[in-house]
Amino acid sequence: MKIYIYHKNQCDPKRCTALKMGKLNMAKIIKDYRKIPRRALLLDPYSKTPVSIEDRDIIEKYGILALDCSWQHHLVCMLRQQL
């Protein structure tokens, strides 16, 4: 399974789980929004529907995308990422 993390550099790098995942090759860190895979499944904490078995084909083919940004700015990040 491919895991992508769009990282906004708004956190302490020493404590950042996303950067640790990138160093361990568990996820690909993306810092330029233009390089985000367009059909990856975006994890949204406000979604009404949870990730389910029906999403399996999309996840296997395109991967999962998480946004790593400050909770103070997360709505702006979500609105700008019209994936």
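Quick note: the sequence shown, position 77, residue 1308 per our numbering, numbers continuous.
Where a beta carbon is used, it is the ideal one built from N, C-alpha and C, also for glycine.
According to DSSP, is L1296 part of a helix, a strand, or is it coil? strand
Taking the CB atoms as reference points, tell me whether L1272 and A1297 lie closer together than 7 Å. no
What residue from D1286, K1279, P1276, L1255 has the CA that sits closest to R1270's CA? D1286
So what's I1284 in DSSP terms, helix, strand or just coil? helix
Using a Cβ-Cβ cut-off of 6 Å (strictly less than) and excluding sequence neighbours within five positions of I1236, which residues of its own chain qualify? A1249, A1258, I1260, A1297, D1299
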